[in-house]
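Residue numbering for the sequence shown follows UniProt numbering, beginning at 1 and increasing consecutively.
Comments concern the structure below.
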Amino acid sequence: MDGEALGFIETVGLAAAIEAADTALKTANIELIGYELTKGGGMVTVKIKGDVSAVNTALVAAKANASKVGRVYATLVIPRPGDGTEMMVTTQSTVGLKSDGKEDTVAQKEGVEDSHSVQSRETEINMSLDSTGLDNNQREQEEQISDIEDNNPVEIEKDIFVLKDNAPQAGEVCNICHDPLCPRRKGQPRNLCIHYNEVYRGDHK
């Protein structure tokens, strides 16, 4: 309790207890610990803490106002509570008791870790799906190329054959015009020469 005084006001009925707590908070600079329901009798104990003078002032005013609503059974002020008193005051039965924050911090850390693990699993799944999609696309493209080659084997071979026939051999040119663009080669008919008419007309003239 950090050396703070404790104050208790026990009322019959919850309405009187709420009036007592409200009056105490408005009257002096005290902190409301919470309230606890007693087993039997319908009594409620309101617990506060603060400076001794503030607790005394708050309880006097709370008792006066709560008596107008219901019955006040008892009031108590402990100026310097002992070390073992805290466990009797901050029980699990105390309604409105503030936690020390340790449990909340642990829960938040666990929640963050769970969120990270979920995100990691989602990322792995997405990467796996993307990889599978790429593999499927590659397989489809390879199958399409294979189908094209299977359906057109003669045309491909013919094109290659024509290219080989038309490909000029190194060092061979027409021995009539000596033009590299001329398709005629030495030993072939003269009329294949693109300059045949020019050459022979000049000779006859």
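Built from N, CA and C at the ideal position, the CB exists for glycine as well.
With 16 other Cβ atoms within 10 Å as the buried cut-off, status of Met87: Walking along the sequence shown from the start, residue 87 turns up at place 87. So Met87 counts as exposed.
Of the residues Arg80, Ala62 and Gly40, the one placed nearest Leu25, counting alpha carbons only: For the purposes of this step, residue 25 is taken as residue 25 along the sequence shown, with counting starting at 1. That would be Ala62, whose Cα lies nearest to the Cα of Leu25.
Taking the alpha helix (DSSP H) that Lys26 belongs to, which residues open and close that run? Residue 26 sits at position 26 when you count from the first residue of the sequence shown. Taken as a continuous stretch (DSSP letters only), the alpha helix (DSSP H) holding Lys26 covers Leu14 to Thr27.
Indicate whether Val55 and Val77 have their beta-carbon atoms separated by less than 8 Å. In the sequence shown, the residue the question calls residue 55 occupies position 55. In the sequence shown, the residue the question calls residue 77 occupies position 77. Yes, the pair counts as a contact, with Cβ atoms nearer than the cut-off.
Whole-number beta carbon distance between Gly50 and Ile30, since they are thought to touch under 8 Å: Within the sequence shown, residue 30 is the residue found at index 30, counting from 1. Within the sequence shown, residue 50 is the residue found at index 50, counting from 1. About 4 Å separates the two Cβ atoms, so the contact holds.
Does DSSP classify Ile176 as helix, strand or coil? Working through the sequence shown from its first residue, we reach residue 176 at position 176. DSSP places Ile176 in coil when its eight states are reduced to three.
Taking only three categories from DSSP, how would you classify Leu192? Residue mapping note: residue 192 aligns to position 192 of the sequence shown, counting from 1. Leu192 falls in the helix class under three-state DSSP.
Contiguous beta strand (DSSP E) assignments of at least 3 residues, all confined to the region 37-67: 43-50
Could you give the residue range of the beta strand (DSSP E) that holds Val77? Reading the sequence shown from its first residue, position 77 is the one you call residue 77. From DSSP, the beta strand (DSSP E) with Val77 extends over Arg71 to Ile78.
Assign Arg139 to one of two classes, buried (16 or more other C-beta atoms within 10 Å of its C-beta) or exposed (fewer than that). Position 139 of the sequence shown holds residue 139. So Arg139 counts as exposed.
Could you check how far apart the C-beta atoms of Phe8 and Val46 are, in whole angstroms? I think they sit under 8 Å. Numbered from its first residue, the sequence shown carries residue 8 at position 8. Numbered from its first residue, the sequence shown carries residue 46 at position 46. That belief holds up - the Cβ atoms of Phe8 and Val46 are roughly 7 Å apart, short of 8 Å.
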